[in-house]
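These protein sequence lines are chains A and B, in that order. For the first sequence, my numbering gives the first residue as 1, with consecutive numbering after it. For the second sequence, my numbering gives the first residue as 1001, with consecutive numbering after it. Think of the CB as a built atom: it goes at the ideal place given N, C-alpha and C, for glycine as much as any other residue. Please read the structure below before turning to the comments.
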Amino acid sequence: MYDVKDIMETISMIRDNNLDIRTTTMGISLIECADTDIDKSCTKVYDKICRLAGDLVSVGEDISAKYGIPIVNKRVSVTPISMLAGVSGGDPVKYAKALDRAAHTIGINFIGGYSALVHKGFSAGDMELIESIPRALAETEFVCSSVNIGSTRAGINMDAVRKMGAIIRETAELTKDDQCMGAAKLVVFCNAVEDNPFMAGAFHGTGEADHVLSVGVSGPGVVRSVLAGMPKDAPLDEVSEVIKKTAFKITRVGQLVGSEAAERLKTQFGIVDLSLAPTPAIGDSVAHILEEIGLEQCGAHGTTAALAMLNDAVKKGGVMASSSVGGLSGAFIPVSEDAGMIDAAREGTLSIEKLEAMTAVCSVGLDMIVVPGDTTADVISAIIADEAAIGMVNSKTTAVRLIPAIGLAEGEELNFGGLLGYGPVMPLRTKSPSVMIARGGRIPAPLQSLKN
Amino acid sequence: MEKQENAVLTVVGVNDVGILAKTAACIAEANGSVVQVSQIVMDKFFTMTMLIDMSGLKGSIKDLEDALKERLPGIEVHLMHENIFNSMHRI
């Protein structure tokens, strides 16, 4: 029989502290759908997604009812669409619409993979897809897009960086009547991973099986609540130990749900992504964990160190709990999706510079940051370049998801609603990086020895 | 034979006559079978954990939990699949 204490701990994690399965994401390869006729190709894409993921939502709901644990999102990621666009030619937005139709039909809330991988250069379909992103995101509801512009092995494609600054701006402009929502569904990566189940950056890499099911667990609320029960003078190694144990338990639940969902959907189990993913709900914040560790507010000096420890402890606990850990696996710091970060940004404690430092030690990058509407494309490109450099040099994934708040200035706020949250416009440096960005070309891959 | 699937029930609340009886009756009505019970009253608080075999259960776990909650107003009732506890607390 189980220990009453263990039983009550589990119940309280789920009922009181927002422990949930953040997403079950089915990755689907679309390689076989490629056709030189774009309309045929789109039909095949729609059919394959509906055939394989048709039961994704109902299976998720069944498992959720069986175990009493919420599965918040059901999603699909697909092969980077630029590859299909390269074969078929034509307007890539047709693919976005096919993906969106499939998402509507099977009842999921996001579909990722309107993507291109251009870290070393552009091949057929890449540029066409990138140029179509603003329209694709404005004309669809559920499609998410990502572009990988750099990697540790290839360096940074600065032509792509320059392009993406303009694309992010244009995406925000085209959706300015809808809280600039398009930009919230567009991520620019360095070292993108092929098995990430979290949106907006999910895509199904070419090294993956035909179809897999991955899960993303969450649980910042659980970690915070466990830390709240510790004495304030407990040394940090003990704090780290407690986080590790909690991450272990959270991950085990992810593994349980993921493997059962994969079995029921007759697909193979992919990975558990251990990320601590916050939501705007009170009690589900990564910033509040950092504050529980002992900072007056997230963004204070000490934040980077606390986050580094948190991120590492989460991974250590999770790796022990599942042999299929992958994806991004770390603590997410999306500003608009985290109640504590929103407060810290509003009060000015959390600045873009501090966030940039934080991204050097955690997953994933400058995420869901609302920037002034008059930010130029060059400044956005320069932010992407800075962030990609951190990822490239540290051999880690970094990303940029900025939302230029068209028509708004510093101090005003955007509200996306739901999990994407809301956030104040954060100030940026305004001195121009234009000459550097205009140079284009490539930042060569960094040296992997003489590490200092 | 179907694989036995168990659920863990916890009932916590101010002690009163018949909590265990009402719980057992409700489980029997749903065709659940009690495998193990651990129950104690401490400081006027009734605390019980029960392992229930659900292989013959009519309806879902959620249905049984709702029925128990209705039968035991004012008392905290949680019913969850055993696997959750197995995966979290057993290596």
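- Judged by their CB atoms, residue 266 of chain A and residue 316 of chain A are not nearer to each other than the 7 Å cut-off.
- When secondary structure is reduced to three states using DSSP, residue 332 of chain A falls in the coil class, being assigned neither helix nor strand.
- In this chain, residue 269 of chain A is not harboured by any alpha helix (DSSP H); it is covered by the beta strand (DSSP E) spanning 268-273.
- Here the alpha carbon of residue 232 of chain A sits roughly 11 Å from the alpha carbon of residue 238 of chain A.
- At a cut-off of 7 Å between C-beta atoms, residue 251 of chain A does not count as an interface residue with respect to chain B.
- Annotation for residue 1038 of chain B: the continuous beta strand (DSSP E) segment containing it runs 1033-1042.
- The residues 191, in chain order, have a CB closer than 7 Å to that of residue 396 of chain A in the same chain once the five nearest residues on each side in sequence are set aside.
- Between the C-alpha atoms of residue 1030 of chain B and residue 1060 of chain B there is a straight-line separation of about 9 Å.
- Within the same chain, and ignoring the five residues on either side of residue 77 of chain A in sequence, the residues whose Cβ sits closer than 6 Å to its Cβ are 25, 27, 112, 113, 202, 203 and 204.
- Counting every other CB atom within 10 Å of its CB across the protein chains shown gives residue 179 of chain A a total of 16 or more, marking it as buried.
- Taking the Cα of residue 85 of chain A as reference, the smallest distance to any Cα among A:215, A:216 and A:98 is reached at A:98.
- The Cβ-Cβ distance between residue 227 of chain A and residue 171 of chain A does not fall below 7 Å.
- Contact note: residue 1049 of chain B reaches chain A through 1, 2, 4 and 7, using a C-beta cutoff of 8 Å and chain order.
- Taking residue 358 of chain A as the centre and dropping the five residues before and after it, the same chain places the C-beta of 303, 304, 307 and 333 closer than 8 Å to its C-beta, in chain order.
- In the DSSP assignment, residue 401 of chain A falls outside any alpha helix (DSSP H) and lies within the beta strand (DSSP E) extending over 398-405.
- Contact between residue 339 of chain A and residue 370 of chain A is ruled out by a C-beta separation of about 15 Å, above the 8 Å threshold.
- Boundaries for residue 312 of chain A: no beta strand (DSSP E) harbours it, while the alpha helix (DSSP H) harbouring it runs 303-321, taken from the DSSP string.
- Residue environment for residue 1058 of chain B: exposed (fewer than 16 other C-beta atoms within 10 angstroms of its C-beta).
- Chain B has no Cβ within less than 7 Å of the Cβ of residue 326 of chain A.
- Per DSSP, the beta-bridge partners of residue 1053 of chain B are B:1006 and B:1033.
- Per DSSP, residue 134 of chain A is not a residue of any beta strand (DSSP E); the alpha helix (DSSP H) it occupies stretches across 126-139.
- Around the beta-carbon of residue 377 of chain A, 16 or more other beta-carbon atoms lie within 10 Å, marking it buried.
- At a cut-off of 7 Å, the C-beta of residue 1006 of chain B has no neighbouring C-beta in chain A.
- Only those residues of the stretch 42-70 of chain A whose C-beta falls short of 8 Å from the nearest C-beta of chain B are listed: 65, 66, 67, 68 and 69.
- Taking residue 1007 of chain B as the centre and dropping the five residues before and after it, the same chain places the C-beta of 1052, 1054, 1061, 1079, 1080, 1081 and 1082 closer than 7 Å to its C-beta, in chain order.
- Residue 25 of chain A: member of the beta strand (DSSP E) spanning 21-28, first to last residue.
- Contact annotation: the stretch 10-24 of chain A does not touch the stretch 180-187 of chain A, with fewer than three C-beta pairs closer than 8 Å.
- Taking 7 Å as the threshold, the shortest C-beta distance from residue 10 of chain A to chain B falls below it.
- Within 9 Å of the CB of residue 1042 of chain B, no CB atom of chain A is found; the nearest one sits about 11 Å away.
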